[in-house]
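Taking it in order: structure first as structure tokens, then the write-up.
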Amino acid sequence: MSKYFFFLPAALQVLFIAFPVLASDREQVNSRIFNLSEIELPATKAQFLTQESIPIQVNPVTQPEIESIPQDEPDIFLEVIGEEDPVPESTPVYVIEKEEIQQQGATSVADVLKRMPGFAINDVGPGADIHTGTYYRGASINQSVFLINGRPINNNVNTYHGGTDLNSIPVEAIERVELSSGVTSALYGASAFGGVVNIITKTGYAQPRLTGSTEFGSLNLNNQQVSYAGSVGDARYNFSFERFFVDNRYRVPLGAANRDPEGFLSNADTATSTYFGSIGLDLDSRNSLNLDVKTLSSRRGLVYFGFPLQRDRLDHDGLNVGLSWKTRLGEGESSNLTTTLGYNQDYFSTYGPTVFAGSQFNRTGVLDTKQLTARVDHAWKLTPSHQLRWGLDLQNNNLNGDTFSTRPDRIALNGTENRNVLNTALFAVNTFNISNNFQVDLGLRQSFDGEFGNYLNPSAGLRYALSPTVAMRGSWAGGQRNPGLDQLYVYDTVHGWEPNPDLIPETGSSWTAGLDVKLANNLLGQFTYFGSSLDNRLGIIAGRWENIGLVNTNGLEAALRLQMARNWSSFLNYTYTDAEIKTGADRGLQLGFIPYSVAQAGVGYQNSGWNANLYVTYNSGTRRAFFNVPSETNRDFVPAFLNLDFSGRIPVTSNLGVTIYLENLLGEQYERVNRIYSPGFTVRVGVTSNL
1104 MSKYFFFLPA ALQVLFIAFP VLASDREQVN SRIFNLSEIE LPATKAQFLT QESIPIQVNP
1164 VTQPEIESIP QDEPDIFLEV IGEEDPVPES TPVYVIEKEE IQQQGATSVA DVLKRMPGFA
1224 INDVGPGADI HTGTYYRGAS INQSVFLING RPINNNVNTY HGGTDLNSIP VEAIERVELS
1284 SGVTSALYGA SAFGGVVNII TKTGYAQPRL TGSTEFGSLN LNNQQVSYAG SVGDARYNFS
1344 FERFFVDNRY RVPLGAANRD PEGFLSNADT ATSTYFGSIG LDLDSRNSLN LDVKTLSSRR
1404 GLVYFGFPLQ RDRLDHDGLN VGLSWKTRLG EGESSNLTTT LGYNQDYFST YGPTVFAGSQ
1464 FNRTGVLDTK QLTARVDHAW KLTPSHQLRW GLDLQNNNLN GDTFSTRPDR IALNGTENRN
1524 VLNTALFAVN TFNISNNFQV DLGLRQSFDG EFGNYLNPSA GLRYALSPTV AMRGSWAGGQ
1584 RNPGLDQLYV YDTVHGWEPN PDLIPETGSS WTAGLDVKLA NNLLGQFTYF GSSLDNRLGI
1644 IAGRWENIGL VNTNGLEAAL RLQMARNWSS FLNYTYTDAE IKTGADRGLQ LGFIPYSVAQ
1704 AGVGYQNSGW NANLYVTYNS GTRRAFFNVP SETNRDFVPA FLNLDFSGRI PVTSNLGVTI
1764 YLENLLGEQY ERVNRIYSPG FTVRVGVTSN L
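Here the sequence shown stands for residues 1104 to 1794, where the numbers follow the working numbering.
Now the structure itself:
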């Protein structure tokens, strides 16, 4: 089977290339060190607050004409970096560019996503997001799809051993992050009940360029990043490295989880080293190759939500390799074929002591997951008003689990599991421009799964421009998320959760409806109602994985951007999420760890390399879902909190600047999630340079 797995995508592409091919022109875009007034949003690029225009009409709603600010810095010309994914336009597409990421002071993809509409990320300290909750529109991180350059990086692990590590990509290597939903699930996976996050990386510059930063701060934080990019002939390259460390040791109040005898948060340190490299090569005028490699080495403590204090450690080593071949078929840009091969490996090892009946025992757990992927993706403009995007996905997952505990009542669960599952899918999305103002998207994804059989997931969307300043849109998508191999077969040594081979898939659908509005020449707005119904949701009952029943989610996203005056800009995002459990013992309750309300606002000033940004975040608090103290019930909520952050840059020379980030200016030690508290006021100071 394996040899056909690798040769099939290449064979399909050869069949498509039946005639000579055109030149693969390298675009040049103008990039520079931006003044802050040009950074449209700390969370979302301004023109993506509204939708992209329908291709045959330039719509003022989608092409805001906000005056750009003249720049004093010299221009730097770049080669084409990452190609924007032509996803359907019937649902919101939020994009955040590298300049905005830099202004935020983001140290991980989780930091980037925090300020995007719809996201709630319950981190427990800098660098600690791998084992805490990441939710988009009420869906967990494993109910969304995460991609790097269009290639999946989600693994088949669902416990504290793993999960998708949002620290695993150097921020310095990121060109932009794209967030989409709705019909996009037909392109990338039926499990995308939440959304699809595509991380596009840099590939090269016309002239060699070295960029770097070093940063130090509270909690013994230190972070160094360096990137070198350039081109040689028809080849483009980019190499990035990041080293991050924080001890996350600070005083926490009585009653806090993971509080040691001295009153400090315990076992929350994080150390990571990540490497990223990419090489792009134009083979001829029509064909190009791109190879990218990412490695991760992470060592950290696992912050435990409950009592008594535990000291489990997590070692995580990862490797992700992707090779893509892009071909232009026919004349112009009407037919483009991309074939991608990928390999992803994540090695998770947890270990630590456990206390039982007054005695201490040891436990270890290893999950080694390997994923082979292949994809053929053809974007074909059949007529001026009809575009078809279709193709084939292959994905083979292997999970090797090895668990061991010396605790007497757990010895029977010790053992080794080696499991494989192959999933094949055919996908197609048709986009019809019915008129200059009306667009319809129709999608299908047919999956063939080695564990759960065959299933078809349809999707549909529409967008209608009511006027030059108002557009309405809507989408619906069916989905299915299969249980992970660890949930089916591997004992979780950290929690003591038992697997269940009788689990069935989560099934349901999600939908959106919204408006894109140009309220004034300098005020843009996007408003989205979203909902989902997910049956057979997976959860824990009496220490064992089970299908716990139905969860219905309804919510509202609002995103506003205002260009107040020259050099000044501001934004406001608000998300309301009602994720109600409809069956079982928790019937009628909000899903745990998901706040009802999250609001974010910011104002920024930039001039001649100087900048200052002020951000405010409101969180209504989340339900404590488990590990309650005796006086609490499963209806208790974490108190609401308000957070205020400041970021700024002071230019020293044209290529050198000093950055400062003041977080939690109010100094409130609020409860982030389930008895885990923030450190209060913290400071980061750094230096950035471009050569």
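Ideal placement from N, C-alpha and C gives every residue a C-beta, glycine not left out. Predicted model only: the values in this text are computed from it and were never measured.
Skipping 5 residues on each side, what residues in its chain have a beta carbon closer than 6 angstroms to that of residue i?
i: Leu1216; result: Phe1222
i: Ala1121; result: Because Ala1121 carries a pLDDT of 37, less than 50, the predicted location of this residue cannot be relied on, and the following value inherits that uncertainty. Nothing meets the Cβ criterion.
i: Gly1581; result: Asn1560, Pro1561 and Ser1612
i: Pro1754; result: Gly1712 and Gly1760
i: Pro1311; result: Gly1333
i: Arg1362; result: Val1355
i: Gly1652; result: Thr1686 and Gly1687
i: Asn1499; result: Leu1475 and Leu1525
i: Pro1158; result: Any answer about Pro1158 is weak, because its pLDDT of 33 lies below 50 and its placement is not dependable; what the coordinates show is given next. Closer than 6 angstroms at Cβ, skipping near neighbours: no residue.
i: Asn1655; result: Ser1636, Glu1683 and Lys1685
i: Arg1339; result: Glu1182, Thr1306, Gly1307 and Gly1383
Going by C-alpha distance, which of the options is nearest residue i?
i: Leu1694; options: Val1212, Gln1207, Arg1240 and Pro1229; result: Arg1240
i: Gln1327; options: Thr1317, Val1424, Arg1738 and Ser1750; result: Thr1317
i: Glu1203; options: Glu1278, Thr1194 and Asn1257; result: Glu1278
i: Ala1661; options: Leu1627, Asn1259 and His1481; result: Leu1627
i: Asn1793; options: Leu1313, Gly1383 and Arg1402; result: Leu1313
i: Tyr1378; options: Leu1412, Arg1403, Asn1423 and Phe1367; result: Asn1423
i: Thr1810; options: Thr1262, Asn1225 and Gly1358; result: For residue 1810 there is no data in the structure shown, the boundaries of the chain being 1104 and 1794.
i: Gly1315; options: Ser1283, Thr1306, Glu1275 and Tyr1308; result: Glu1275
i: Gln1875; options: Asp1748, Arg1778, Tyr1773 and Val1776; result: This structure leaves residue 1875 out entirely; the chain is present only between 1104 and 1794.
i: Ile1697; options: Asn1447, Arg1775 and Asp1415; result: Arg1775
i: Arg1478; options: Arg1778, Asp1496, Gly1461 and Gly1468; result: Asp1496
i: Lys1621; options: Arg1664, Asn1657 and Phe1633; result: Arg1664
i: Asn1600; options: Arg1727, Gly1707, Lys1305 and Trp1648; result: Strictly speaking, residue 1600 in this sequence is Trp, with Asn absent from that position. Of the listed residues, the one whose Cα sits closest to Trp1600 is Trp1648.
i: Ser1427; options: Thr1306, Pro1511 and Leu1399; result: Thr1306
i: Ile1779; options: Val1212, Asp1226 and Leu1641; result: Asp1226
i: Phe1344; options: Asp1337, Val1329 and Asn1351; result: Val1329
i: Tyr1331; options: Ile1256, Pro1273 and Arg1566; result: Pro1273
i: Gly1783; options: Glu1281, Asp1268 and Asn1351; result: Asn1351
Hey, quick one: how far does the alpha helix (DSSP H) through residue i stretch, first residue to last?
i: Asp1638; result: Unbroken run through Asp1638 is the beta strand (DSSP E), Leu1626 to Ile1644; no alpha helix (DSSP H).
i: Gln1795; result: Nothing can be reported for residue 1795, as the shown portion of the chain is limited to 1104 through 1794.
i: Leu1290; result: Thr1287 to Tyr1291
Tell me which residues share the same chain as residue i and place their Cβ nearer than 7 angstroms to its Cβ, disregarding the 5 neighbours each side in the sequence.
i: Arg1548; result: Ala1289, Ala1293, Ala1528, Phe1530 and Asn1560
i: Leu1588; result: Asn1259, Asn1500, Leu1502, Arg1522 and Val1524
Got a sec, what are the start and stop residues for the beta strand (DSSP E) residue i sits in?
i: Ala1309; result: Segment: none, Ala1309 is in no beta strand (DSSP E) and carries neither H nor E.
i: Thr1262; result: Per DSSP, Thr1262 belongs to no beta strand (DSSP E) and is neither H nor E.
i: Thr1457; result: Ser1438 to Phe1459
i: Asn1428; result: Per the sequence presented here, residue 1428 reads as Trp, with Asn not at that position. Unbroken beta strand (DSSP E) run through Trp1428: Arg1416 to Leu1432.
i: Arg1403; result: Asn1390 to Gly1404
i: Ile1303; result: Val1299 to Thr1304
i: Trp1600; result: Segment: none, Trp1600 is in no beta strand (DSSP E) and carries neither H nor E.
i: Phe1344; result: Ala1338 to Val1349
i: Tyr1407; result: No beta strand (DSSP E) contains Tyr1407, which DSSP labels as neither H nor E.
Residue i to residue j, Cα distance in whole Å?
i: Val1524; j: Thr1610; result: 19 angstroms
i: His1598; j: Tyr1592; result: 15 angstroms
i: Ser1781; j: Leu1659; result: 27 angstroms
i: Gly1712; j: Gly1789; result: 16 angstroms
i: Val1248; j: Lys1397; result: 18 angstroms
i: Phe1808; j: Thr1534; result: For the chain, the structure presents residues 1104 to 1794; residue 1808 sits outside this window and is missing.
i: Phe1740; j: Gly1285; result: 31 angstroms
i: Thr1430; j: Leu1368; result: 53 angstroms
i: Arg1218; j: Asp1552; result: 36 angstroms
i: Ser1438; j: Arg1389; result: 11 angstroms
i: Leu1765; j: Ser1757; result: 24 angstroms
i: Arg1135; j: Tyr1308; result: Because the pLDDT at Arg1135 is just 29, under 50, the model does not fix this residue reliably, and the point stays unresolved.
i: Thr1442; j: Asp1480; result: 6 angstroms
i: Asn1503; j: Pro1604; result: 16 angstroms
i: Arg1466; j: Thr1509; result: 6 angstroms
i: Thr1678; j: Lys1484; result: 36 angstroms
i: Glu1143; j: Ser1452; result: At Glu1143 the pLDDT is 35, less than 50, meaning the model places this residue with poor confidence and gives no usable figure here.
i: Asn1639; j: Asp1689; result: 14 angstroms
i: Gly1425; j: Gly1380; result: 11 angstroms
i: Ala1374; j: Phe1348; result: 4 angstroms
i: Gly1855; j: Asp1337; result: Residue 1855 lies beyond the residue range present for the chain, which begins at 1104 and ends at 1794; the question has no answer from this structure.
i: Gly1751; j: Lys1473; result: 42 angstroms
With a threshold of 8 angstroms on Cβ separation, who are the neighbours of residue i within its own chain once the five nearest residues in sequence on each side are excluded?
i: Ser1243; result: Gly1236, Thr1237 and Gly1297
Margin query: Suppose only complete runs of 3+ residues qualify. What are the beta strand (DSSP E) ranges in the region 1196 to 1249, listed by chain order?
Written below: 1197 to 1200, 1222 to 1225 and 1236 to 1239
Next item on the list: Write down every uninterrupted run of the beta strand (DSSP E) in the region 1474 to 1558 whose length is 3 residues or greater and which is fully enclosed by it, in chain order.
Entry: 1489 to 1508, 1518 to 1536 and 1541 to 1552
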